[in-house]
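See structure below.
Number of protein chains: 2
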Amino acid sequence: MQRVEVQLGQRSYPIDIDTGFAALPASLASARQVVIISNPTVAPLYLDQVSALFSAPPLHILINDGEAFKTLASFETILSFLLENSMSRDVVLVALGGGVIGDLTGFVAACYQRGVRFLQIPTTLLSQVDSSVGGKTAVNHPLGKNMIGAFKQPEQVIISTATLTTLPSREFAAGMAEVVKYALLGDAAFLDWLLKHSEQICQQQPETLAQMIRHCCQMKADIVSRDETEQGERALLNLGHTFGHAIEAFMGYGNWLHGEAVAVGMVMAAELSAHRGWLSKQDVASVRRILQSFGLPVAVPDQMQIANFMPFMKTDKKVKDGQMRFVLLSAIGQASLVADVTEAELLQVFG
Amino acid sequence: MQRVEVQLGQRSYPIDIDTGFAALPASLASARQVVIISNPTVAPLYLDQVSALFSAPPLHILINDGEAFKTLASFETILSFLLENSMSRDVVLVALGGGVIGDLTGFVAACYQRGVRFLQIPTTLLSQVDSSVGGKTAVNHPLGKNMIGAFKQPEQVIISTATLTTLPSREFAAGMAEVVKYALLGDAAFLDWLLKHSEQICQQQPETLAQMIRHCCQMKADIVSRDETEQGERALLNLGHTFGHAIEAFMGYGNWLHGEAVAVGMVMAAELSAHRGWLSKQDVASVRRILQSFGLPVAVPDQMQIANFMPFMKTDKKVKDGQMRFVLLSAIGQASLVADVTEAELLQVFG
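Residue numbers (my numbering), protein chains in the order written: chain A, 107 to 457; chain B, 107 to 457.
What follows is the structure in structure tokens.
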């Protein structure tokens with residue numbers, strides 16, 4: 107087992123990465139009331155194994171699979187289930203699934219009786235390397251992704267690489283977009299490592315995957331420890347996300363996977379960076395190439411013009427004092443937050 | 107102007123109590139985006155005055171008046187309004203109204219884009235002495251009051267005693283229940299003061315009211331500073347609330363005012379305390395008398411048996427390890443949290 111610690115004072119917690127589900131500390135395993143929140147795809151595969159981690163038999167509730175169900179309606183469904191089953195403030199909620207289940211469960215854990223404990227057991231690559239770590243929780247609104255949420259840290263994150271064997275390859279690729287993101291925004295050496303190991307990664311070699319996941323979790327844990335509520339540095343984790351969120355929202359949540367949209371978003375961020383002379387054309391080409399090597403899209407959907415991006419980007423959470431802010435690349439492996447991108451510049455680059 | 111400081115480190119804030127609306131600091135007055143959340147009863151009276159506190163003209167949205175509208179549906183209505191009007195993470199939300207508006211606005215402020223600034227401008231006595239201070243925010247669920255919420259501290263609380271001149275007398279009395287609560291739970295000398303000044307209070311003498319409100323805010327601020335998230339002492343502020351919430355929920359939110367239900371709840375807590383030999387019959391009689399002197403009910407509604415209380419009390423947020431917990435009085439002016447009350451004892455006292 108490999109362990110990464112997220113250092114947040116009293117709210118610190120471990121991420122345990124193993125080839126199966128690591129055992130829980132007694133404080134969680136012996137909880138009187140446990141509710142597992144999962145979906146009909148993941149539950150048949152892992153619900154029994156996860157239930158067995160607890161001494162008392164947990165209850166469970168399934169939410170339909172997919173980004174389209176990361177809504178206030180699902181949030182309310184879970185809250186009603188908790189109340190109907192007389193769950194107290196001692197309850198431990200368990201998110202068993204991908205990013206949708208994790209974000210939704212975390213937001214419920216933040217709000218149920220003003221806050222209860224929860225555990226992240228991410229079963230997709232994307233949630234293992236990104237959304238399960240750092241305490242961002244949210245649901246979507248028709249007018250914007252993740253617009254309703256809270257910062258709520260889990261008690262622990264349990265990652266089993268074995269869950270990736272049952273993940274559809276399209277979902278695996280989508281997770282790789284976030285892996286590549288870490289390399290692009292802050293670790294050029296990791297980009298080389300990814301290029302060198304791309305074959306083992308695509309073949310899903312367990313040791314290689316565990317090493318890769320550990321590296322991403324460590325990078326994210328370090329950033330989150332320094333900037334939990336995204337006052338500065340943490341915003342860099344949004345590389346590719348401003349454009350990506352617009353693609354997801356415009357195409358209808360769930361039609362494009364989050365990672366696919368982020369992959370295209372990172373190419374757009376690279377193109378904008380190149381337009382400013384920060385990246386070379388070769389750099390942009392290599393961003394495209396590595397994403398393609400993991401089976402990811404690199405072109406804006408045919409249906410979308412830059413004008414279609416604008417309404418979404420104007421309500422992006424990074425907007426400050428009326429000004430859109432973008433994460434661009436000052437070099438490969440080095441991101442920075444930029445506040446002077448204008449609509450005119452976007453038209454020039456993408457129009 | 108009188109000022110009470112709520113000491114919470116980086117989240118500290120002042121409560122300004124005056125006969126009008128005190129001026130705002132520049133950091134709030136100059137906000138680019140301001141949204142006032144109010145109701146159709148309060149807005150015609152005070153919206154213009156409050157809007158004038160800001161340099162840019164604020165937007166506003168009105169939510170129907172009453173506890174019945176402190177719901178997830180209203181929460182969603184406000185969130186949609188903020189997104190439709192492209193409000194960014196810089197927005198300042200202003201709660202202008204009573205506890206319903208304050209709790210709802212605070213919960214929106216906690217969740218919109220994972221947290222934005224907000225200002226409490228309570229216009230009822232109850233919200234001035236209680237709900238606007240301390241950062242508890244929530245909405246109700248059909249299965250329980252305040253079951254969905256967050257701890258979210260405001261930037262500032264602005265209290266104008268002038269708003270009490272437009273408050274219906276029934277609402278004023280309901281607020282007095284919370285005032286009496288402070289005396290019963292922690293300050294016997296304040297109970298004497300209330301008895302001595304009951305005439306001036308009922309006549310709403312501005313100086314007396316300001317002094318009374320300041321005293322309550324100071325008591326609450328002190329308790330909240332020591333125990334923000336209710337790990338211990340803060341639970342004492344729930345004196346009368348376990349029974350009271352059951353009355354409110356059973357009778358249908360809004361039919362009994364919160365303060366009226368709490369008044370009866372405090373009498374029940376006193377009776378239970380007397381059954382344990384902690385209070386004398388005279389003590390219970392004087393609890394009844396002071397509540398009645400402010401026009402408050404002191405008897406359980408005719409429609410309710412103790413059995414009707416049970417389902418609500420079993421899902422109370424104070425339930426821990428399956429055990430109901432009650433705030434009882436070990437003496438007049440001294441509350442304590444008790445975990446060994448059984449259904450049998452409740453039947454014996456109230457059956």
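All residues carry an ideal CB built from backbone N, CA and C; glycine is no exception.
All values derive from a computational prediction rather than experimental measurement.
Show which residues of chain B have a CB atom less than 7 Å away from the CB atom of residue i.
i	result
residue 393 of chain A	Those do not exist, as residue 393 of chain A stays about 29 Å from chain B at its closest Cβ, beyond 7 Å.
Under 8 Å, do residue i and residue j count as touching if we go by C-beta distance?
i	j	result
residue 283 of chain B	residue 365 of chain B	yes
residue 281 of chain B	residue 230 of chain B	yes
residue 398 of chain B	residue 406 of chain B	no
residue 256 of chain A	residue 256 of chain B	yes
residue 437 of chain A	residue 345 of chain A	no
residue 424 of chain A	residue 335 of chain A	no
residue 192 of chain A	residue 125 of chain B	no
residue 323 of chain A	residue 169 of chain A	no
residue 182 of chain A	residue 359 of chain A	no
residue 343 of chain B	residue 329 of chain B	yes
residue 141 of chain B	residue 160 of chain B	no
residue 325 of chain B	residue 285 of chain B	no
residue 310 of chain A	residue 271 of chain A	yes
residue 354 of chain B	residue 251 of chain B	yes
residue 320 of chain A	residue 156 of chain A	no
residue 297 of chain A	residue 290 of chain A	yes
residue 466 of chain A	residue 401 of chain A	Absent from the model: residue 466 of chain A. The displayed extent of chain A is 107 to 457, so no value can be given.
residue 368 of chain B	residue 394 of chain B	no
residue 293 of chain B	residue 439 of chain B	yes
residue 419 of chain B	residue 341 of chain B	no
residue 415 of chain A	residue 375 of chain A	no
Verify the CB distance criterion: does residue i have a CB-CB separation below 8 Å to chain A?
i	result
residue 247 of chain B	yes
residue 302 of chain B	no
residue 194 of chain B	yes
residue 244 of chain B	yes
Mind pulling the chain A residues with CB within less than 8 Å of residue i?
i	result
residue 288 of chain B	Simply none; closest approach about 22 Å.
Residues in its own chain within less than 6 Å of residue i by CB, not counting five upstream and five downstream?
i	result
residue 205 of chain A	232, 233 and 237
residue 223 of chain B	198 and 261
residue 226 of chain B	201, 208, 238, 260 and 263
residue 452 of chain A	412
residue 379 of chain B	385, 434 and 435
residue 117 of chain B	259
In chain A, which residues lie less than 9 Å from residue i when you measure between Cβ atoms?
i	result
residue 216 of chain B	216, 217 and 256
residue 240 of chain B	What residue 240 of chain B touches in chain A: nothing, since even the nearest Cβ is about 12 Å away.
Shorter than 8 Å from the beta carbon of residue i to some beta carbon of chain B?
i	result
residue 431 of chain A	no
residue 426 of chain A	yes
residue 340 of chain A	no
residue 220 of chain A	yes
Going by beta carbon distance, what residues of the same chain come within less than 7 Å of residue i, once the five residues before and after it are set aside?
i	result
residue 148 of chain B	202, 203 and 229
residue 80 of chain B	Outside the displayed range of chain B (107 to 457) lies residue 80 of chain B, so it cannot be described from this structure.
residue 178 of chain A	245 and 254
residue 377 of chain B	390 and 455
residue 274 of chain B	none
residue 195 of chain A	219 and 222
residue 467 of chain B	Past the boundaries of the shown model lies residue 467 of chain B; chain B is included only from 107 to 457, so the question cannot be answered.
residue 429 of chain A	445
Is residue i a contact residue of the ligand FMN, with contact defined as CB to any heavy atom under 7 Å?
i	result
residue 175 of chain B	Among the ligands in the structure shown, none appear at all, so the ligand FMN cannot be discussed.
Let me see if you follow: with CB-CB separation under 8 Å, is residue i close to chain E or not?
i	result
residue 281 of chain B	Among the protein chains of the structure shown, namely A and B, there is no chain E.
With a CB to CB cut of under 8 Å and the five nearest residues on each side skipped, what residues in its chain are close to residue i?
i	result
residue 382 of chain A	434
residue 129 of chain B	135 and 159
residue 307 of chain B	282, 300, 314, 315, 318 and 400
residue 113 of chain B	327 and 331
Please compile the residues from chain A whose C-beta is within a distance smaller than 7 Å of the C-beta of residue i.
i	result
residue 250 of chain B	189
Exercise for review: Determine which residues of the segment 172-191 of chain A have a Cβ less than 9 Å from any Cβ of chain B, and write them out in chain order.
Suggested key: 178, 181, 182, 185, 186, 188, 189 and 190
Check your understanding: Given a limit of 7 Å on CB to CB distance, which residues of the segment 252-279 of chain B reach chain A?
Key -> 253, 254, 255, 256 and 257
Check your understanding: Name the residues in the segment 395-424 of chain B whose C-beta lies less than 7 Å from a C-beta of chain A; which are they?
Key -> 420, 421 and 423
**Study point:** Near-chain B residues of the segment 135-156 of chain A (beta-carbon distance less than 8 Å), N- to C-terminal order
**Key:** Answer in chain order: 138.
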